[in-house]
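Taking it in order: structure first as structure tokens, then the write-up.
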Amino acid sequence: MSSEYEKLVISLTPEAIIKKWPEITPLKKISGIPRSSGSDTSVSTSQEDLDLFNGHDEEQIRLMDELCIVLDYDDKPLGAGTKKLCHMMENINQGLLHRAFSVFLFNQSGKLLLQQRADEKITFPSMWTNTCCSHPLCVPLELGLNLQKGVTDVNLLSNAIAGAKVAAQRKLYHELGILSEDVPIENFTYLTRIHYQSASGDEKTSLWGEHEIDYILILRTKDDITINTNDNEVKDYKYVSANELKEMFNDHTLVFTPWFKLICQTFLFKWWDSLNNLDQFKDDEIHRLL
Numbered sequence: 001m002s003s004e005y006e007k008l009v010i011s012l013t014p015e016a017i018i019k020k021w022p023e024i025t026p027l028k029k030i031s032g033i034p035r036s037s038g039s040d041t042s043v044s045t046s047q048e049d050l051d052l053f054n055g056h057d058e059e060q061i062r063l064m065d066e067l068c069i070v071l072d073y074d075d076k077p078l079g080a081g082t083k084k085l086c087h088m089m090e091n092i093n094q095g096l097l098h099r100a101f102s103v104f105l106f107n108q109s110g111k112l113l114l115q116q117r118a119d120e121k122i123t124f125p126s127m128w129t130n131t132c133c134s135h136p137l138c139v140p141l142e143l144g145l146n147l148q149k150g151v152t153d154v155n156l157l158s159n160a161i162a163g164a165k166v167a168a169q170r171k172l173y174h175e176l177g178i179l180s181e182d183v184p185i186e187n188f189t190y191l192t193r194i195h196y197q198s199a200s201g202d203e204k205t206s207l208w209g210e211h212e213i214d215y216i217l218i219l220r221t222k223d224d225i226t227i228n229t230n231d232n233e234v235k236d237y238k239y240v241s242a243n244e245l246k247e248m249f250n251d252h253t254l255v256f257t258p259w260f261k262l263i264c265q266t267f268l269f270k271w272w273d274s275l276n277n278l279d280q281f282k283d284d285e286i287h288r289l290l
């Protein structure tokens, strides 16, 4: 049975979404699809932004200008919306939805690489989570397009998966300093998509949150890959076995991101037991965890 929130999201047609949030740039109006809405060094200074970003880290504020892929309920890209727009609870509560990915990197020994998000993060700071979680940008490569090769359909799942893998490789380097040669695109295995919504902190008072269709990517690497963390993104990291992760969940001093907990509760440990046979778990579905 659909939740009231899911019914709201279903009711939002593409036309209604564009009308409700005029800040979204429709795909058909984007020429070249820029990386972000401002320069690489700009920091927003409107009164609204001063209130929203009061006390937050400048680099993390700048990243709020990146352009996410705004979606309808069926995961069809509609246009570009800033990370700020897509992560404000005011908009999430009205149904605004965007695309994300989550990487689960396992080494040869079958241990999962976890990260603890930096204290500087605006959303879900200091929480433990899977290896890397972020958003494809609204640029051709991360939409899965290749105009030179005639790959132009943003609505094909195969193209969206290809774009998510490109974004994942980019963010593994940005957050953890993992080189592309250690995580080649062809080594990513796509399994499924989950749709979830969560506030960053208290449901009633938080200004920020997530409402995403999240592409799940599994990655197997050698044991000795180099990790060089970006301190503005990652506070700590560790490899864990399945039992060690379960012990971490029993430690009430540790806090985990809501999407990571949802994935663990519904899927992760089944995947973990079958890392050499993941094809059995692949599907084209969107698992609604709302």
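Residue numbering for the sequence shown follows UniProt numbering, starting at 1 and increasing by one per position. Don't be surprised by glycine CBs; every beta carbon is placed ideally from N, CA and C.
Assign residue i to one of three DSSP states: helix, strand, or coil.
i	result
Q280	helix
S198	strand
E210	strand
W259	helix
F124	coil
P34	Any reading at P34 must be qualified, since the residue scores a pLDDT of 41, below 50, and its modelled position is unreliable; no value is offered.
L67	strand
F269	helix
A80	strand
H135	coil
F249	helix
A100	strand
N155	coil
Y73	coil
H56	coil
D40	Its pLDDT being 41, under 50, D40 is placed unreliably in this model, and the value from its coordinates should be taken loosely. Three-state DSSP puts D40 in coil, outside helix and strand.
H287	strand
D236	strand
L217	strand
L147	helix
L12	coil
L275	coil
L254	coil
L176	helix
Could you give the distance in angstroms between the alpha-carbon of residue i and the alpha-carbon of residue j?
i	j	result
F104	I61	26 Å
K246	D75	32 Å
S36	L289	Any answer about S36 is weak, because its pLDDT of 43 lies below 50 and its placement is not dependable; what the coordinates show is given next. S36 and L289: Cα-Cα distance of roughly 30 Å.
K165	V151	16 Å
E244	A80	40 Å
Q108	S241	12 Å
L97	I213	7 Å
L157	M127	30 Å
R117	Y173	15 Å
Y5	T226	42 Å
T189	L217	5 Å
S102	K111	16 Å
E285	N277	19 Å
D119	P125	5 Å
D72	Y215	15 Å
S2	N187	36 Å
N155	L141	14 Å
Go through its chain and collect everything with a Cβ distance to residue i's Cβ below 7 Å, but skip five positions before and after it.
i	result
D283	T192
Spell out the partners DSSP gives residue i in its beta bridges.
i	result
R170	DSSP lists no partner for R170.
T226	None; T226 has no bridge partner.
P26	G79
Q94	For Q94, which the question treats as bridged, DSSP gives no partner whatsoever.
M89	Per DSSP, none; premise fails for M89.
Please work out which residues of its chain come closer than 8 Å, Cβ to Cβ, to residue i, disregarding the five sequence neighbours upstream and downstream, and give them in chain order.
i	result
Q94	L8, K20
E175	Q115, C132, S134, T229, N230, E233, V234
N159	L143, G144, L145, V151, D153
F281	L191, T192, F267, K270, W271, S274
E23	G81, T82, L85
K29	G79
Closer than 7 Å: is that where the CB of residue i sits relative to any heavy atom of the ligand FAD?
i	result
W21	Looking at this structure, you won't find the ligand FAD or any other ligand, since it has none at all.
Would you please verify whether the beta carbon of residue i is less than 8 Å from any beta carbon of chain D?
i	result
W271	Among the chains of the structure shown, chain D does not appear; only one protein chain is present.
Please work out which residues of its chain come closer than 6 Å, Cβ to Cβ, to residue i, disregarding the five sequence neighbours upstream and downstream, and give them in chain order.
i	result
S206	M89, A199, S200
V255	M127
C138	I33, L67, I69, A80
L113	L105, T131, Y239
* Asked: Between the segment 171-185 and the segment 219-227, do at least 3 Cβ pairs fall closer than 8 Å?
  -> yes
* How about the segment 191-210 and the segment 230-239: do they share at least three Cβ pairs that are nearer than 8 Å? -> no
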